[in-house]
Amino acid sequence: MCVENTPPPSSRLTRRGVLAGAAALAGTTAVLAASSPPANATGPREGRATGGDLVIEGGTLLDPATGAVTEDAVVVIVDGVVRSAGRRGRADVPEGAEVLDAHGSWILPGLVDAHIHLNTAAEARDAVLRGATSARSGSTNFFQDIAVRELARQAPEQAPRLRAAGVFVTPDLGDTILADPELTPLARLRDGVRSPEALRRVVEVNLARGADVIKTRVNERAGLPEQDPLAQVYDREQLSAVVAAARRGGKGVLCHSYSEKGCDDAVMAGIRSLEHGAFVGERTLHEMRRRGTCFTPTLTAIAGLVDSSDPVLAERGRQYLPVLKRAVLAAHELGVPLAAGTDSSGGKIKPIGREVELMRTAGLSALDAIRTATTGAAKLLGLERTAGRLARGFAGDVLLVDGDPLSDVTVLKKPVRVVRSGVTL
């Protein structure tokens, strides 16, 4: 049985309602109401909140792009954007600006979590406090991530700058079938979302609701003991249908994957980034380098399985983690772009600094590990001129850490202060 050949859903008719429902589910409605300006106020362009004015002085500044280290640095942020960053005496400091004393601390750009599941306003705020000032969603069940993205635009201190994925393109939508009326015809499908028409429908609904990227899968989940992560749920042709539908909307695809064949099928289908990818093969890594396909290994999630109380998951974690670390190092040595992502979900937000730490233990240098959560991840998200550095014109998102991250990246797990768009948290 196939989905009826109907036109794509109209974003003009239902997007506002979907956003309102998603905002309620995510718990962002009250936050937005509290942070919204009065109705007669003259707001910034597009009605979005501007950031704050802040001067950070006295710390040691690290530029991940170049590796340059500047002592006794001054970072000047105006309206949430970096005006200058460098050695003291070279900055034009505005009068009356708030000053944050960073003496004894290292100053870095806010980190980027390229794979995270944010379902509530509380989770979004927690992600920022743990160092992720920019992020990419790994999907939500009811478009909550799209509401969180809007929250970040209106009240930047409440959420990371977010690329939203909307709902998962997966064979069994489960309760996600209720996320939008345009999805309900899929409930008639006996074999789930597998035909080209059904796959296209889910992508089109996501695009109509404002998704920035599309999330799909090629394998089952590693975090469920009853599933086999090496079992393939979509073949290359089906994945190609998802990629083609996303490209028609100008979007890329991130793909949940584990098995060697599944990873290869996903890459050959044209995905933008490979997620997890524990058993990715050398031939596929070479193809990823040729295509510029990014690798987001989510080491944090796999390492978390090791401590599971479920013996199946714990053993799976022990087997997969060393294999995945070897794949990460091989990818790095080949020149495959890497991006850090925690795969945090279920209300448990893990610090993005933990992913940097695991990149380091996989064999990357400290600077290269830091780049996976700054310049590398920012490029994947299309934010290479916004996030990942503290330079003129970049976002005023800052981490202060108590120690030299080039000597010990673990300091990134517990930032002593986070600044989001020029606002100190």
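In our numbering, the protein residues as written are 7 to 431.
Idealized CB from N, CA, C, for every residue including glycine.
**OP:** Would you give the residue range spanned by the beta strand (DSSP E) that S279 belongs to?
**Re:** 279-282 is the span of the beta strand (DSSP E), which, as asked, contains S279.
Original post:
For chain D, is any of its Cβ atoms less than 8 Å away from the one on A103?
Top reply: The question asks about chain D, but that chain is absent: this structure has only one protein chain.
Original post:
Is A79 closer than 8 Å to A71 when the C-beta atoms are compared?
Top reply: For the 8 Å CB-CB criterion, A71 and A79 do not form a contact.
Original post:
Which residues bound the alpha helix (DSSP H) around H292?
Top reply: Judged by DSSP secondary structure, H292 falls within the alpha helix (DSSP H) whose first and last residues are 288-297.
Original post:
With distances taken between CB atoms, is the gap from R142 to R169 smaller than 8 Å?
Top reply: Closer than 8 Å, so yes.
Original post:
Of all the options V105, L68, E129, R89, which has the alpha carbon lying nearest to the alpha carbon of S350?
Top reply: The candidate whose alpha carbon is nearest that of S350 is E129.
Subject >> Where R131 falls, given that 16 or more other Cβ within 10 Å makes a residue buried >> reply: Classification for R131: buried.
Subject >> Unbroken beta strand (DSSP E) run spanning L168, endpoints >> reply: Looking at the DSSP string, the run of the beta strand (DSSP E) that includes L168 is 167-169.
Subject >> Simplified DSSP assignment, three categories, for E63 >> reply: Under the three-state reduction of DSSP output, E63 falls in the strand class.
Subject >> Nonlocal neighbours in the same chain, by C-beta distance under 6 Å from A275, ignoring five residues either side >> reply: Contacts found: R242, L245, S246, V249.
Subject >> Three-state class that DSSP yields for E104 in the structure shown >> reply: Strand at E104.
Original post:
So does the stretch 392-407 actually touch the stretch 113-121, counting three or more Cβ pairs closer than 8 Å?
Top reply: Yes: at least three Cβ pairs fall under 8 Å.
Subject >> Inter-residue Cα distance where the pair is A103 and G58 >> reply: Cα to Cα, A103 sits roughly 9 Å from G58.
Subject >> N- and C-terminal bounds of the alpha helix (DSSP H) containing H338 >> reply: Start and end: 317-340.
Original post:
Around the Cβ of H123, are there at least 16 other Cβ atoms within 10 angstroms (buried) or fewer (exposed)?
Top reply: Label assigned to H123: buried.
Original post:
Can you list, in chain order, the residues of its chain whose CB lies under 6 Å from that of A284, leaving out five sequence neighbours each side?
Top reply: Short of 6 Å from the beta carbon of A284, and not among the five residues preceding or following it, lie these beta carbons of its own chain, in chain order: Y264, Y326, V329, L330.
**OP:** Entirely within the stretch 208-287 and at least 3 residues each: give me those beta strand (DSSP E) ranges in chain order.
**Re:** Unbroken beta strand (DSSP E) stretches of 3 residues or longer found wholly inside the stretch 208-287: 220-223, 259-263, 279-282, given in chain order.
**OP:** Give me the Cβ distance between A165 and V134, rounded to the nearest whole Å; I'm assuming they're in contact under 8 Å.
**Re:** Under the criterion of beta carbons closer than 8 Å, A165 and V134 qualify as touching, at roughly 7 Å.
**OP:** Drop a sphere of 10 angstroms on the beta-carbon of G402, count the other beta-carbons inside from all chains shown, and report buried for 16 or more, exposed for fewer.
**Re:** With 16 or more other Cβ atoms from the protein chains shown falling within 10 Å of its own Cβ, G402 counts as buried.
**OP:** Within 10 angstroms of the Cβ of E281, are there 16 or more other Cβ atoms? Answer buried if so, exposed if not.
**Re:** Counting of Cβ neighbours within 10 angstroms places E281 among the buried residues, the total reaching 16 or more.
Original post:
Are there three or more Cβ pairs, one per stretch, closer than 8 Å when the stretch 368-388 is compared with the stretch 286-299?
Top reply: The stretch 368-388 is not in contact with the stretch 286-299.
Subject >> Among N212, L340, I183, C300, the one whose alpha carbon lies nearest that of A379 >> reply: Comparing Cα-Cα distances from A379 to each of N212, L340, I183, C300, the minimum goes to C300.
Original post:
To the nearest angstrom, how far is it from the Cα of G298 to the Cα of D270?
Top reply: Here the alpha carbons of D270 and G298 stand approximately 14 Å from one another.
**OP:** Return the bridge partner residues of S143 from the DSSP annotation.
**Re:** DSSP lists I122 as partners of S143.
**OP:** Please list, in chain order, all residues of the same chain as K257 whose beta carbon is under 6 Å from its beta carbon, the five residues on each side excluded.
**Re:** Taking K257 as the centre and dropping the five residues before and after it, the same chain places the C-beta of V219, I220 closer than 6 Å to its C-beta, in chain order.
Subject >> Integer-rounded CB distance, given that R324 should sit under 8 Å from V342 >> reply: With a beta-carbon spacing of about 25 Å, V342 and R324 fall beyond the 8 Å limit used to define contacts.
**OP:** Could you work out which residue in L60, R196, A368 is closest to G88 when comparing CA atoms only?
**Re:** Here residue 88 is Val; the residue named in the question, Gly, does not match the sequence. Per the Cα distances, L60.
Original post:
Three-state secondary structure (DSSP) at D181?
Top reply: Helix at D181.
Subject >> Anticipated Cβ contact below 8 Å, G180 with I152, distance rounded >> reply: Wrong, their Cβ atoms sit about 19 Å apart, outside the cutoff.
Original post:
Within the present structure, is the beta-carbon of S371 separated from the nearest heavy atom of the ligand FMN by less than 7 Å?
Top reply: Ligands in the displayed structure: none, and consequently the ligand FMN is not present.
**OP:** With a threshold of 16 other CB atoms inside 10 Å of the CB of K420, please say whether the residue is buried or exposed.
**Re:** Exposed, since its Cβ has fewer than 16 Cβ neighbours within 10 Å.
Original post:
Between G399, L189, V318, which lies nearest to A214 when the distance is taken from Cα to Cα?
Top reply: Nearest in C-alpha terms to A214, of all of G399, L189, V318, is L189.
Original post:
Helix, strand or coil for L344 per DSSP?
Top reply: Looking at L344 - three-state DSSP - the assignment turns out to be strand.
Subject >> 8 Å Cβ cutoff met for T66 and T56 >> reply: Taking 8 Å as the Cβ cut-off, T66 and T56 do not qualify as a contacting pair.
Subject >> Whole-angstrom distance between G216 and R207, CA atom to CA atom >> reply: Inter-residue distance for R207 and G216 is about 14 Å (C-alpha atoms, whole angstroms).
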